[in-house]
Every structure is written in structure tokens, then in C-alpha cells.
Amino acid sequence: MADRDNPDSDSATLLEAFRAANLRGLWVVFHDYAGRALAKWVVASEVASVAAGGVAYCLANLNFTQDDHLAHDARFTADAGDFVVLPDPATFAPLPYRAGMGRVLGFLCTEQGDPWEGCPRRRLVAACDALVAHGLAARAAWEPEWTLYRPTANGGYEPADRLSMYSLDRMDGYTALLDRTTQVLDAQGVTVERIGAEFGAGQMEINLRPAAPLRASDDLVTFRETVKALAKEAGLLASFMPKAYEDAPGNGVHLHFSLRSADGAEDRSAGDGPLGLSAELAHFTAGVLTHAPALCGVFAPTVNSYKRLQPASWAPAHIGYGGGNRAALVRVPGTSRPHIEFRAGDHTANPYLALAAFIAAGLDGIARRLDPGTPVAGDLGGMSADALATQGVRMLPRTLAVALDAVEADDVVMNALGGVCGPELLRIRRDELARYERHVGQWERDVYF
Ligand code: GLU
Ligand code: MG
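Basically this note's numbering = 1-based index in the sequence shown + 13.
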């Protein structure tokens, strides 16, 4: 079995593992800059060729928006040629819920098969390499929330249940589905630690086991595919939309993050710094806070994201860190595992690019020995502007337009995203924003007609 924490494992293992599993097809999956899973199905007789040379895709794929529009002024048009998705054997697993199929994630490469800076997984590997150059390594775990809906007679959807949050009744209502989900994830190498019935009707939350950053993001995308497929199998629909209804809680995907020595042996997260953080993690946190507006644009990159990031919503709207403070952007949970939790992200982000930008922001804090200042106090969402100003607390960007401008203006974040992913991420999200801004919705007719 290939080593999933080491992205450069031997490519011959893929063919071997595929043959040993006696499969008919291989799904080669990658995630575009809008975070969507794209895939091609390779028949068994072609797997040897694809394991060595990858699967070709049209470059223009990367300039399509989430609703399948080629972005205005696209860099990659019909004449731009191809890139290749080279399977990463370390991510191969038979798909327990699709008989006869295997799945593998890939690195985006040039047409000649060389490493390419337009690959989100490579951007994350590069960010981790930069950490190693500082004598550090990271452990990360995404904490996804999602909502289960059932189809209604009139062709719509309603929450799959309306029982109380975190109640045993609600959790037990999904025992068969959640049990199958954890088993199917386990068979794909993804370990679930805890599951809870979240606040919203039909809303769930899972804790994935901390891992090296690349693996943690691989685990998140594997998790989402699995949850969607198994919900469908159960006659339900799993939605990861940041804010599907204004009066229902949003679906976030918080990031838990800790530092270790480069060889992974020693914890570098706990120490004598504020809230029990090590000096390194305190500087790292300061870097995250300094680059928070740009990080917000990468972790929450759609118009819908900003309907989730509202004051007093349990999702953050202000820039600050605090111990056990769920109104803060960065929480330092008082658990046995010292770490920080970044709460702004949602599922419309590409988790590889988001984590790469996060690590670069934190490293900038370490390199410049930035000070995170005093932890914030109180429930920020309910505070007056004056009370916030007294603590020096700024707000996160309130709109996507402001957040994307912050990304573009932030050299540290843009460098982490690289010369392809950064500009093209901005291009597709701005294209979506422009169409959203032209759209006239029912609320406007109700109020202004
Ligand atoms: N649902 C909230 C969010 O969108 C988070 C609730 C919580 O787990 O604290 O971030
Ligand atoms: Mg939660």
C-alpha cells in the first residue's frame, strides 16, 4: 500500500493495487479552482497507460464557473490545449459504494506530464515544503457540516428531520446511514472520530482525524463524495451549501491546525504564549489574523458564503482569536490536543488552495515574528461598534467583492496560490459575482416594485 502522507510514492503501485482489487473501472478525480470534483472514468484495459501518463483535460475546464459558464476574459480558451491529471497512487481505493469501481485523486501536470503550478494539490505541497524550511510540519483536520434534505411531493426539498440539536433521538435517526458512512470512509482510508447532529434541522457534523495537510484535504473531498452518494442511496440529498436558507444555520467547514517539528516527532503547538500556545503557533496565528481578509476570500469564495458569515450566527464575522470563543475567527479550543481552529471556511472553497494560503499566511507571521495581540473577549456578534472598536476588533469582509479584492491585494496569499490558481480563481468567482449582481430577485420586487 502506498504511503498517503508522502505524495511522491511509487506510481507502479497504482496498477498493482488496481489489478489486485479486480476492478472494471478507475475514476480519476481532481478539484478545479471552484472546488468542484471533476472526473473521468478509465476502463480497466487503459489503467496501465493512465497510471504512467495521466488523463488529458481541456485547460479551459479551469476557467469555467461553478454554473458552467466560461468566465469573461478567460485565460484558457478553446485554443489553449490540455493539461494532464496524473493519478497519485497514494490516494487510490476501491469505491465500496460503486461495485467494480476504483477511485484515485491526481496532480494536475503539463501536457508533457511535468509538475505544474496550476495544480491545487501541488500548491499545498509547496506550502508544506515552506513549513519544513522553517523546521516545522503541520497536522490538519477539516470539520465539515452538511444538511440532509428529503424530496417533497411538489419537487422541492425539506430538512430530513426537525428533532432537537445534538439529541440522541436525532443522531439515532441516522444510525444506519452514519454507520455505513463511517465504514465506507474507513475502507477508503478516511478516519472519522466523532459525529453529531448539529444545530440546524437535518444538519450534521463530523470530525475527521488530523493528518498531514495534503491528506487532510484529500480526506475532506473523499468525505463529501461519499456523503453525497450514500445520502442518495438512502433517498436523501446532502447539501454542503454555505447558507441555503436565511433562517437556518449555515454549513461551515472549520479547519483544525497544529504545528509539529519537521520530522513530526515533537509538538510545537503548546507553550507559554497567549492561551497556552507555543511561540511559533502564536506568531502563526498572528499571520492568519493579519491576512484574514484575503484568507476569507479563499475560504469563503462565493456570494452565498457572505450570507453565512453574519454576526451572531456562530459563523465568524469579526477578526480576532479567543480561547473557547465561537464568535472569534480563530478559536483556541481547550482540548487535550493543543491547536487552533479557523472558522471562516465553507464548502465552496477548494480545500487545497485554502490550506496552502492559510499555511503561507501563518508562515508570514512566523517569519516576521508577528504578535497576535490580546485575545478577544465576549460574544462579538452582539457587541456595539464602539465596544468592538475598544478591543480593536475589525470585521471580516462583508461581501464577496471586498473579499476578492483583498485576495488580489495580498502578495503572501497570491504567491501561495501561484501564478495560475490565484488569478484564475479570482476570474471565475468575479464572473459569478457579476452575474449575481445583474440578477433581480423576488426580494427586490417585493420591496421596490
Ligand atoms: N454552523 C456554524 C458555521 O457555519 C458553526 C457552528 C459550530 O459548530 O460552532 O460555521
Ligand atoms: Mg459545528
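Where a beta carbon is used, it is the ideal one built from N, C-alpha and C, also for glycine.
Pair within 8 Å by beta-carbon distance, residue i and residue j
i: residue 262; j: residue 213; result: yes
i: residue 234; j: residue 44; result: yes
i: residue 425; j: residue 311; result: no
i: residue 134; j: residue 365; result: yes
i: residue 465; j: residue 334; result: Here the chain covers residues 14 to 462 and nothing more, so residue 465 does not appear.
i: residue 107; j: residue 57; result: no
i: residue 181; j: residue 173; result: no
i: residue 266; j: residue 251; result: no
i: residue 100; j: residue 63; result: yes
i: residue 352; j: residue 269; result: yes
i: residue 109; j: residue 229; result: no
i: residue 89; j: residue 73; result: yes
i: residue 472; j: residue 293; result: The structure shown does not extend to residue 472, since the chain spans only 14 to 462, so no value can be given for it.
i: residue 379; j: residue 82; result: no
i: residue 345; j: residue 355; result: no
i: residue 102; j: residue 51; result: no
i: residue 113; j: residue 38; result: yes
Inter-residue CB distance, residue i and residue j (contact presumed, cutoff 8 Å)
i: residue 395; j: residue 325; result: 6 Å
i: residue 231; j: residue 118; result: 6 Å
i: residue 363; j: residue 70; result: Contact flag wrong, Cβ pair sits at about 16 Å.
i: residue 176; j: residue 368; result: Rounded, the Cβ-Cβ distance is 34 Å, inconsistent with contact.
i: residue 416; j: residue 306; result: 7 Å
i: residue 372; j: residue 141; result: 7 Å
i: residue 126; j: residue 67; result: 6 Å
i: residue 446; j: residue 413; result: 5 Å
i: residue 385; j: residue 315; result: Actually they do not touch by this definition, with Cβ atoms about 28 Å apart.
i: residue 159; j: residue 253; result: 5 Å
Buried or exposed by the 16-neighbour rule on C-beta atoms within 10 Å, applied to residue i
i: residue 164; result: exposed
i: residue 256; result: buried
i: residue 318; result: buried
i: residue 341; result: buried
i: residue 80; result: exposed
i: residue 178; result: exposed
i: residue 155; result: buried
i: residue 76; result: buried
i: residue 216; result: buried
i: residue 16; result: Any answer about residue 16 is weak, because its pLDDT of 48 lies below 50 and its placement is not dependable; what the coordinates show is given next. Under this definition residue 16 is an exposed residue.
i: residue 85; result: exposed
i: residue 444; result: buried
i: residue 359; result: buried
i: residue 402; result: exposed
i: residue 462; result: exposed
i: residue 21; result: Caution is warranted here: a pLDDT of 48 is assigned to residue 21, below 50, making its placement in the model unreliable, and no coordinate value can be reported.
i: residue 452; result: exposed
i: residue 455; result: exposed
i: residue 348; result: exposed
i: residue 260; result: exposed
i: residue 19; result: Its pLDDT being 48, under 50, residue 19 is placed unreliably in this model, and the value from its coordinates should be taken loosely. Result: exposed.
i: residue 397; result: exposed
i: residue 124; result: exposed
Check: residue i C-beta below 7 Å from any heavy atom of ligand 1
i: residue 183; result: no
i: residue 264; result: yes
i: residue 327; result: yes
i: residue 356; result: yes
i: residue 339; result: yes
i: residue 321; result: yes
Closer than 7 Å: residue i CB and nearest ligand 4 heavy atom
i: residue 77; result: With respect to ligand 4, the structure offers nothing, as its ligand set consists of ligand 1 and ligand 2.
Contact shell at 6 Å, judged by CB to any heavy atom of ligand 2, ordered along the chain: 158, 211, 218
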